[in-house]
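K.L.:
Numbering (our numbering), first residue to last: 453 to 766.
Below is one structure. I have some questions about it.
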Ligand SMILES: Nc1nc2c(ncn2[C@@H]2O[C@H](COP(=O)(O)OP(=O)(O)O)[C@@H](O)[C@H]2O)c(=O)[nH]1
Ligand SMILES: [Mg+2]
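Next comes the structure, spelled out in C-alpha cells:
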C-alpha cells in the first residue's frame with residue numbers, strides 16, 4: 453500500500469483530526485459487586501496519563517464505606533464512573549439502584565445521555581446472579597433511554613477462578629476444555645436469563661483481568677483483546693477512536709485470547725474506521741481515499757499501526 457498519502461497528510465489536518473478526537477468524551481459506567489475486579493479490568497485495558505484526579509484502586513475486595521459512584525478521569529476524555537456494591541445486601545441494592553438511575557439520566561452538554569456504555573462485571577465463578585438480573589430488568593433497561601440497547605456490556609471476570617482454579621492452564625494462561633465448557637455454559641445461562649427477564653439481547657464474555665497482589669503480577673490477563681473489541685463495538689463509531697488513544701501499551705495484557713475470532717483485527721478495523729470518519733470530516737478527499745485503500749484486509753494492520761503511532765506522538 454502506498455502510505456505516502458497517510459504519511460504526507462498535512463500536519464495541520466492531522467492535528468485537527470487528533471484534537472477533535474481528544475475533545476470527544478467517552479463515559480463508561482462500571483457496575484459490579486465489590487471485589488469482582490472492576491478496578492483491575494480498567495487498569496489492565498487502559499493506561500492513565502497521570503493527570504487523572506484519581507485512579508481506580510485495586511483492592512483486596514473489602515466492602516466500600518459508601519455507595520457513592522466515584523468518577524475517575526483516566527485521561528481528560530475517558531471517564532469511568534465506578535459504581536460498587538452490587539449484591540452486597542437487598543437494602544444496599546436499593547440505594548445502589550438509585551445511584552445508577554441518577555447516572556443514567558445525566559445528560560452531556562449536547563443534551564444526549566452522558567453514559568455511553570454500561571459495563572456490568574460479574575464474577576464468572578458465582579452461581580447467583582440474582583441481583584444483576586434484577587438490576588438489568590428494573591434499573592438498566594428502563595433507563596437506557598434513547599440508548600441503543602446493545603450499550604449494555606456484560607463481562608464475566610476471573611475466568612481463571614471460575615472452577616476454583618481447577619482446569620486453568622497456568623503455563624499457557626488459558627482454560628482447559630472442562631473450564632471452557634463451564635464458562636460457555638455460564639455465558640449461555642446469563643444470556644438467556646437476561647433475554648427472558650429483561651428482553652435484552654446480550655452477549656456476555658468471559659475474561660480474566662489477571663491477578664496482581666501487592667504489586668506482583670501472579671497471572672496475565674486472558675481475553676482482553678476480545679473484551680476490548682466488544683467495548684469498541686458497543687460505542688458509537690466516532691467515539692471508538694477516543695479509546696484508541698488510551699489503550700494500555702503493555703502487550704502482555706493482550707496476548708492470551710480464546711481466538712474464536714481474530715480480535716486484534718476487529719480492534720484494528722474498528723479504530724481505523726472511526727479515524728476515517730473523523731478524517732472524512734476534516735478532509736473529505738483523504739477520508740474517501742483512505743476508506744477505500746486503508747480498509748482493504750491486506751492494508752489493515754499497517755494502516756492501523758500508522759494511526760496508532762500518530763496517537764502516541766503526543
Ligand atoms: N485470579 C484473578 N484475580 C483477579 C482478577 N481480577 C481481579 N482479581 C483480584 O481480585 C481482587 C479485587 O480486584 P479489584 O479490581 O480491586 O475489584 P473491584 O472491587 O471490583 O474494583 C484483587 O486482588 C485483584 O488482583 C482475575 O481475573 N483473576
Ligand atoms: Mg475498585
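Cβ atoms here follow ideal geometry from the backbone N, Cα and C, with glycine treated the same way.
Predicted model, so just to flag it, every value in this text is computed and none were measured.
Ligand 2 and residue 690: does any heavy atom of the ligand fall closer than 7 Å to the residue's C-beta?
P.N.:
Because no heavy atom of ligand 2 lies under 7 Å away, the Cβ of residue 690 does not count as near it: no.
K.L.:
Less than 7 Å separating the Cβ of residue 536 from some heavy atom of ligand 1?
P.N.:
Checking the Cβ of residue 536 against ligand 1 gives yes.
K.L.:
Which stretch, first to last residue, makes up the beta strand (DSSP E) that contains residue 645?
P.N.:
First-last for residue 645: 629 to 650, but that is the alpha helix (DSSP H), not the beta strand (DSSP E).
K.L.:
Give me, in chain order, the residues of the same chain whose beta-carbon lies closer than 8 Å to that of residue 616; leave out the 5 immediate sequence neighbours on both sides.
P.N.:
Same-chain partners within the cutoff: 577.
K.L.:
For residue 566, which of helix, strand or coil comes out of DSSP?
P.N.:
In the structure shown, residue 566 sits in coil (DSSP, three-state: anything other than H, G, I, E or B).
K.L.:
Using only the alpha-carbon positions, how far apart do residue 504 and residue 526 sit?
P.N.:
Only weak support is given to the placement of residue 504: the predicted model assigns it a pLDDT of 47, under 50, and the value that follows is read from those uncertain coordinates. Approximately 5 Å between the Cα atoms of the pair.
K.L.:
So, are the CB atoms of residue 481 and residue 570 less than 8 Å apart?
P.N.:
Yes, the Cβ-Cβ distance between residue 481 and residue 570 is below 8 Å.
K.L.:
Cβ of residue 484 versus every heavy atom of ligand 1: is any distance shorter than 7 Å?
P.N.:
Checking the Cβ of residue 484 against ligand 1 gives yes.
K.L.:
What does the alpha-carbon distance come out to for the pair residue 703 and residue 714?
P.N.:
If you take the alpha carbons of residue 703 and residue 714, they lie about 16 Å apart.
K.L.:
Under the assumption that residue 560 contacts residue 688 (Cβ atoms under 8 Å), give the Cβ distance between them as a whole number of angstroms.
P.N.:
Incorrect: roughly 12 Å between the Cβ atoms, too far for contact.
K.L.:
Mind checking which residues open and close the alpha helix (DSSP H) that includes residue 492?
P.N.:
490 to 497 is the span of the alpha helix (DSSP H), which, as asked, contains residue 492.
K.L.:
Just how far apart, CA to CA, sit residue 683 and residue 530?
P.N.:
Taking the straight line from one Cα to the other gives about 13 Å.
K.L.:
Decide if residue 541 is buried, meaning its Cβ has at least 16 other Cβ atoms within 10 Å, or exposed.
P.N.:
Classification of residue 541: exposed, given that the 10 Å Cβ count is below 16.
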